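Right, one structure below, let's go through it.
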Amino acid sequence: MAYNLPVFRGILNLLIGLQVTLRHLFSHAVTLQYPTERWTMPERSRGVVVLLSNKETGELNCTACILCAKACPCAAIMIERHRGDDKKWKIDSFSVDNSICCYCGLCEEACNFDAIKLTPKYEFSTYDKPSLTYDMHRLQELGRDVAYTPRVRKAAAAPAATATTEAALTPTPTAPKPATETPTNPSEKGESA
Ligand code: SF4
Ligand code: SF4
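Residues 39 to 231 (our numbering) are what the sequence shown spells out, left to right.
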């Protein structure tokens, strides 16, 4: 009997090890049958960066201010721009290198024009690393169906010199004092009497 003791001990350890397997064998499965099934990502999850467009005109909201590029800690955003005839910046190219982007969301925070946004979109892996740099056209197409609520901006301060203010600051002419004077000299009173 002592000869078979290691065998029984091995079977016992095997059954102990299979306890977890047996416990989960008849419980509800939590795995998804990917790719036929997919997680619904939370609305504010940080996936791929996209560029947003005006829903009516279809034009990019980007004003080429480059605040997002300055805020990016990974230098993943590259922007080329020039001054237009109207002295405003015009965007020539805009690209995001997803191979170095850390999905921090700082670019979205820095943008004042609802122009760049991180979306719940994912599944962009590839074997071709250079193709992970998305140009302006691709970023815009990825952002076409992205819903966003335009930021509420504070109203600009009212100009200092309005007509109302000027009227309020103009001194109101005071009514002239009556020209009557009370005679102080008693002799004058007697003369008059
Ligand atoms: S995406 Fe926003 S922050 Fe970046 S350049 Fe365009 S307007 Fe400026
Ligand atoms: S999410 Fe972060 S790392 Fe990626 S482009 Fe925006 S600022 Fe740069």
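The beta-carbon is built from N, C-alpha and C at its ideal position, and this holds for glycine as well.
What you are looking at is a predicted structure, and each value in this text was computed from that prediction instead of being measured.
Nearest neighbour of residue i, chosen from the options [CA to CA]
i: N136; options: C149, T164, K128; result: T164
i: L156; options: G48, M79, A102; result: M79
i: C106; options: L98, E97, M116; result: M116
i: L177; options: Q71, T69, G85; result: G85
i: Y186; options: E146, V58, F162; result: E146
i: K128; options: L56, E97, P111; result: E97
i: F151; options: T95, S131, H66, S91; result: S91
i: C100; options: A148, A113, V45, A114; result: A148
i: S83; options: S169, P168, C140; result: C140
i: T171; options: P73, R121, E179, F132; result: F132
i: L173; options: V87, L53, D123, V184; result: Note on residue identity: the sequence assigns Asp, not Leu, to residue 173. Closest by alpha carbon: V87.
i: K159; options: V68, I138, R76, H62; result: R76
i: P73; options: H175, P168, K167, E161; result: E161
i: P168; options: R119, I138, H120, E94; result: I138
i: P188; options: R121, K126, K93; result: K93
i: G143; options: D124, K126, R121, P111; result: P111
Residue environment, residue i, which counts as buried when at least 16 other CB atoms sit within 10 Å
i: A102; result: buried
i: L43; result: exposed
i: F22; result: Outside the displayed range of the chain (39 to 231) lies residue 22, so it cannot be described from this structure.
i: G181; result: buried
i: A89; result: Correcting the residue type first, residue 89 is Leu in the shown sequence and not Ala. Answer is buried; the Cβ neighbour count reaches 16.
i: V190; result: exposed
i: V58; result: exposed
i: A205; result: Interpretation of A205 is limited by its pLDDT of 46, a score under 50 that renders its predicted location unreliable; no figure is taken from the coordinates.
i: A114; result: buried
i: V45; result: exposed
i: V134; result: buried
i: A153; result: buried
Host alpha helix (DSSP H) of residue i (start-end)
i: G55; result: 43-55
- Task: Can you check the stretch 90-177 for any alpha helix (DSSP H) of at least 4 residues that lies completely inside it and give the ranges in chain order?
- Result: Segments of the alpha helix (DSSP H) lying fully in the stretch 90-177: 105-109, 144-148.
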